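Numbering (the numbering used here), first residue to last: 1268 to 1489.
We put the beta carbon where it would ideally sit given N, CA and C, even for glycine.
What you are looking at is a predicted structure, and each value in this text was computed from that prediction instead of being measured.
This is the structure we're talking about:
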């Protein structure tokens, strides 16, 4: 049996290494300059997705899923935050990056009209296709996936495969370079769980997606 001990130790970090998140502003643009600490990346993902699961109706979920808003109770106080993937920020060259609110609000408006289709969805894959097919300029692959995950959490669906985009592709490429994924895996839109080495089998597909991006630097050093 192949020795995956070093890889397993990295995968274990997903459940054991503390995750710190700094937010200069809340989702409404108010300054908070606050560090949030979670027990692990896995715990943060659970907490973040639990917010959408507890919303009262699908329209509320669509609104907050598209605008990347979620709430956390931290140190006795509730904070409304925006997920980092859909935040707008100024880079070192003074240029605006990320996903602006105009794009998020347009996507929100378009997806609300698809509420009937979403209610008929029977899997994450159905939800993802509905979101992806709207094609709002500036709302890219990562935002499509994130939005589909948030809505699917409410509907009770999980992805069966690992979807590749942005940092997730980088993590997959490092595994591929080490011979731990089949050649050209990084070029695929998605990869089935069963092609990943044994240590990954302890994770769900959406956890593997999160892990590949979050721990890509660790995988590079394998």
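Can you tell me which of 1390, 1421, 1451 puts its alpha carbon nearest to the alpha carbon of residue 1428?
Here the question's residue 1428 lines up with position 161 in the chain shown. When only C-alpha atoms are compared, the closest one is 1390.
Which value, in whole angstroms, describes the spacing of the CA atoms of residue 1299 and residue 1348?
What you label residue 1299 is simply residue 32 of the chain shown in a count that begins at 1. What you label residue 1348 is simply residue 81 of the chain shown in a count that begins at 1. So the two alpha carbons sit approximately 10 angstroms from each other.
Hey, would you say residue 1440 sits closer than 9 angstroms to residue 1450, going by beta carbons?
Taking the first residue of the chain shown as position 1, residue 1440 is located at position 173. Taking the first residue of the chain shown as position 1, residue 1450 is located at position 183. In this structure, residue 1450 does not lie closer than 9 angstroms to residue 1440 by Cβ.
Output needed for residue 1330: all residues of its chain with C-beta closer than 7 angstroms, excluding positions within five of it in sequence on either side, in chain order.
For the purposes of this step, residue 1330 is identified with residue 63 of the chain shown, where counting begins at 1. Hits under 7 angstroms: 1375.
Are there 16 or more other CB atoms within 10 angstroms of the CB of residue 1406, so buried, or fewer, so exposed?
Within the chain shown, the letter at position 139 stands for residue 1406. Residue 1406 comes out buried.
Closest to residue 1490 by CA distance: which of 1412, 1430, 1380 is it?
Missing from the structure shown is residue 1490; the chain here goes from 1268 to 1489 and no further.
Measure the beta-carbon distance from residue 1338 to residue 1345 and round it to whole angstroms, keeping in mind my assumption that it falls under 8 angstroms.
Locating residue 1338 in the chain shown gives position 71, counting from the first residue. Locating residue 1345 in the chain shown gives position 78, counting from the first residue. Yes, residue 1338 and residue 1345 are in contact; Cβ-Cβ is about 6 angstroms, under 8 angstroms.
Suppose you measure from the CA of residue 1268 to the CA of residue 1471; what does that come to, to the nearest Å?
As a first step, residue 1268 is located in the chain shown; it is residue number 1 there, counting from the start. As a first step, residue 1471 is located in the chain shown; it is residue number 204 there, counting from the start. Note that residue 1268 scores a pLDDT of 42, beneath 50, so its modelled location is shaky and nothing firm can be said.
So the candidates are 1478, 1417, 1477; which of them puts its Cα closest to the Cα of residue 1326?
Counting from 1 along the chain shown, the entry for residue 1326 is found at position 59. Closest by alpha carbon: 1417.
Around the C-beta of residue 1477, are 16 or more other C-beta atoms found within 10 angstroms, so that it is buried, or is it exposed?
Translated into positions along the chain shown, residue 1477 becomes position 210. It counts as buried.
I'd like to know whether the C-beta atoms of residue 1415 and residue 1398 end up nearer to each other than 9 angstroms.
For the purposes of this step, residue 1415 is taken as the residue at position 148 of the chain shown. For the purposes of this step, residue 1398 is taken as the residue at position 131 of the chain shown. Yes, these two residues count as a Cβ contact at 9 angstroms.
Does the beta-carbon of residue 1321 have 16 or more other beta-carbons within 10 angstroms, so that it is buried, or is it exposed?
The residue labelled residue 1321 in the question sits at position 54 within the chain shown. Classification of residue 1321: exposed, given that the 10 Å Cβ count is below 16.
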